[in-house]
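Since the structure comes first, as structure tokens, the remarks are kept for the end.
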Amino acid sequence: MNTIKQLFSKADRFTTGIIISVILGLVVPCSGSSAEVFELLTHVAIILLFYLYGVKLSRESVIAGLLNWRLQSMVLLFTFVFFPVVIPLLQPVFEPLVGAALYTGLVYVACLPSTVQSSIAFTSVAGGNVPAAVCSASVSSMLGVFLTPMLVGLLFSHSSRIGTDIGVDTILKICYQILLPFLLGQLSRKWLKNWVQNHKQLISWNDQTTIWLVVYTSFSGATVCGYWGQLHALQLGALILVCAVILGITFAATYWSSTALGFNREDRISIVFCGSKKSLAVGAPMMLAIFGTVDNNLLLPLMIFHQVQLMACAQLARIWHKSGADTGVY
């Protein structure tokens, strides 16, 4: 149970930081020259985040996990195909509930890779295939650097509400803010991997601080331009409900399809947790690289989906942990 306690300790700190960032963005928003300073800090933090992620990612664990190609294919199928297909298909239901602007945020969520830390931790607690989860989450995040911008360009260009052109400028931004730091991190891994391994707490603070900066600058901009006066409480409630519905559909689809295809219990657990998640840690910085700004209509659905998935997966992990202990499986 130490794993789940550590996860919730970090999650509580992360959530608390997000709440504080939101409050500061509402009460003391940055503007003018201070906004420019925070924007510069955010860009630097994003570059450092992806550099350190490149250092952290073990090529050996990825190669080993890829041997279980059936499981990896299932996770990638749900992450980069199921989500981008289902959410647009349900547009006639979701868009009237949350509004056109927030619906585009749900489309952006559909384009993102899976989480890494929480997917692995929940899989471990539930008694799933941890090595496969490490590989699935890592490969998903790595492929997300390439696939997320492509999916954004594809899905948003076919939306009647919003469009974005993934042109040369956008590709260059993605390269110097995300891809180049990631590759440099991989190249310097043999020199820095031990330092990163011995300073996990510092790395965790850096990851979370990056997201707090993104949230603060985004909410500050929304406050300055009067965004919150245009958002209705019913829309927010509907957005929470829609996120829960999407997650429930994905839980059911990942579980029943993996069962029908004959995966064992450990593999099914890994598929459910890795195939149903979307990463706030990657999604928020990547939003800035793709769009050139952090749009609150995109960030808000991502933040809510993140919290919903964290709470739902915690309960599911507890249930699987208990059932595994009762049957002697875990």
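So for the sequence shown, the numbering used here puts the first residue at 97; every next one is plus one. The C-beta atom is built at its ideal place from N, Cα and C for all residues, glycine as well. Treat the numbers as computed from the prediction; the structure is a model and nothing was measured.
Same chain, Cβ closer than 6 Å to residue i, neighbours up to 5 away in sequence not counted
{"i": "residue 411", "result": "none"}
{"i": "residue 125", "result": "316, 319 and 320"}
{"i": "residue 164", "result": "228"}
{"i": "residue 379", "result": "208 and 398"}
{"i": "residue 176", "result": "243"}
{"i": "residue 224", "result": "362, 365 and 366"}
{"i": "residue 322", "result": "none"}
{"i": "residue 117", "result": "308, 311 and 312"}
Short Cβ contact (9 Å threshold) for residue i with residue j
{"i": "residue 398", "j": "residue 139", "result": "no"}
{"i": "residue 413", "j": "residue 221", "result": "yes"}
{"i": "residue 303", "j": "residue 377", "result": "yes"}
{"i": "residue 232", "j": "residue 316", "result": "no"}
{"i": "residue 235", "j": "residue 327", "result": "no"}
{"i": "residue 244", "j": "residue 393", "result": "no"}
{"i": "residue 207", "j": "residue 181", "result": "no"}
{"i": "residue 370", "j": "residue 215", "result": "yes"}
{"i": "residue 280", "j": "residue 150", "result": "yes"}
{"i": "residue 198", "j": "residue 299", "result": "no"}
{"i": "residue 409", "j": "residue 218", "result": "yes"}
{"i": "residue 396", "j": "residue 337", "result": "no"}
Where residue i sits in the DSSP three-state scheme
{"i": "residue 419", "result": "helix"}
{"i": "residue 126", "result": "coil"}
{"i": "residue 207", "result": "coil"}
{"i": "residue 359", "result": "coil"}
{"i": "residue 303", "result": "helix"}
{"i": "residue 117", "result": "helix"}
{"i": "residue 224", "result": "coil"}
{"i": "residue 212", "result": "coil"}
{"i": "residue 173", "result": "helix"}
{"i": "residue 164", "result": "coil"}
{"i": "residue 310", "result": "helix"}
{"i": "residue 327", "result": "coil"}
{"i": "residue 259", "result": "The predicted position of residue 259 is uncertain, since its pLDDT is 45 and thus under 50; no value can be drawn from it."}
{"i": "residue 442", "result": "Residue 442 is absent from the model: the chain starts at 97 and stops at 426."}
{"i": "residue 390", "result": "coil"}
{"i": "residue 425", "result": "At residue 425, the pLDDT of 42 sits below 50, so the modelled position is not reliable and the matter cannot be decided from this model."}
{"i": "residue 316", "result": "helix"}
{"i": "residue 139", "result": "helix"}
{"i": "residue 186", "result": "coil"}
{"i": "residue 195", "result": "coil"}
{"i": "residue 322", "result": "coil"}
{"i": "residue 152", "result": "helix"}
{"i": "residue 296", "result": "helix"}
{"i": "residue 253", "result": "helix"}
{"i": "residue 237", "result": "helix"}
{"i": "residue 284", "result": "coil"}
{"i": "residue 232", "result": "helix"}
{"i": "residue 353", "result": "helix"}
Span separating the alpha-carbon of residue i from that of residue j
{"i": "residue 372", "j": "residue 226", "result": "16 Å"}
{"i": "residue 174", "j": "residue 289", "result": "31 Å"}
{"i": "residue 121", "j": "residue 307", "result": "13 Å"}
{"i": "residue 209", "j": "residue 350", "result": "16 Å"}
{"i": "residue 389", "j": "residue 416", "result": "40 Å"}
{"i": "residue 167", "j": "residue 363", "result": "7 Å"}
{"i": "residue 504", "j": "residue 345", "result": "The structure shown does not extend to residue 504, since the chain spans only 97 to 426, so no value can be given for it."}
{"i": "residue 309", "j": "residue 129", "result": "16 Å"}
{"i": "residue 193", "j": "residue 154", "result": "42 Å"}
{"i": "residue 341", "j": "residue 183", "result": "11 Å"}
{"i": "residue 132", "j": "residue 405", "result": "33 Å"}
{"i": "residue 325", "j": "residue 145", "result": "33 Å"}
{"i": "residue 331", "j": "residue 239", "result": "33 Å"}
{"i": "residue 189", "j": "residue 196", "result": "11 Å"}
{"i": "residue 278", "j": "residue 186", "result": "35 Å"}
{"i": "residue 381", "j": "residue 211", "result": "14 Å"}
{"i": "residue 119", "j": "residue 343", "result": "27 Å"}
{"i": "residue 170", "j": "residue 368", "result": "10 Å"}
{"i": "residue 73", "j": "residue 401", "result": "Past the boundaries of the shown model lies residue 73; the chain is included only from 97 to 426, so the question cannot be answered."}
{"i": "residue 286", "j": "residue 293", "result": "12 Å"}
{"i": "residue 112", "j": "residue 275", "result": "30 Å"}
{"i": "residue 237", "j": "residue 403", "result": "19 Å"}
{"i": "residue 296", "j": "residue 123", "result": "32 Å"}
Cβ neighbours of residue i in the same chain (closer than 8 Å, five flanking residues each side left out)
{"i": "residue 355", "result": "364"}
{"i": "residue 109", "result": "304"}
{"i": "residue 114", "result": "307, 308, 311 and 399"}
{"i": "residue 134", "result": "126, 309, 312, 313 and 316"}
{"i": "residue 347", "result": "368, 372, 408 and 412"}
{"i": "residue 301", "result": "none"}
Other residues of its chain near residue i: CB distance less than 7 Å, five sequence neighbours each side excluded
{"i": "residue 284", "result": "151"}
{"i": "residue 419", "result": "none"}
{"i": "residue 191", "result": "199"}
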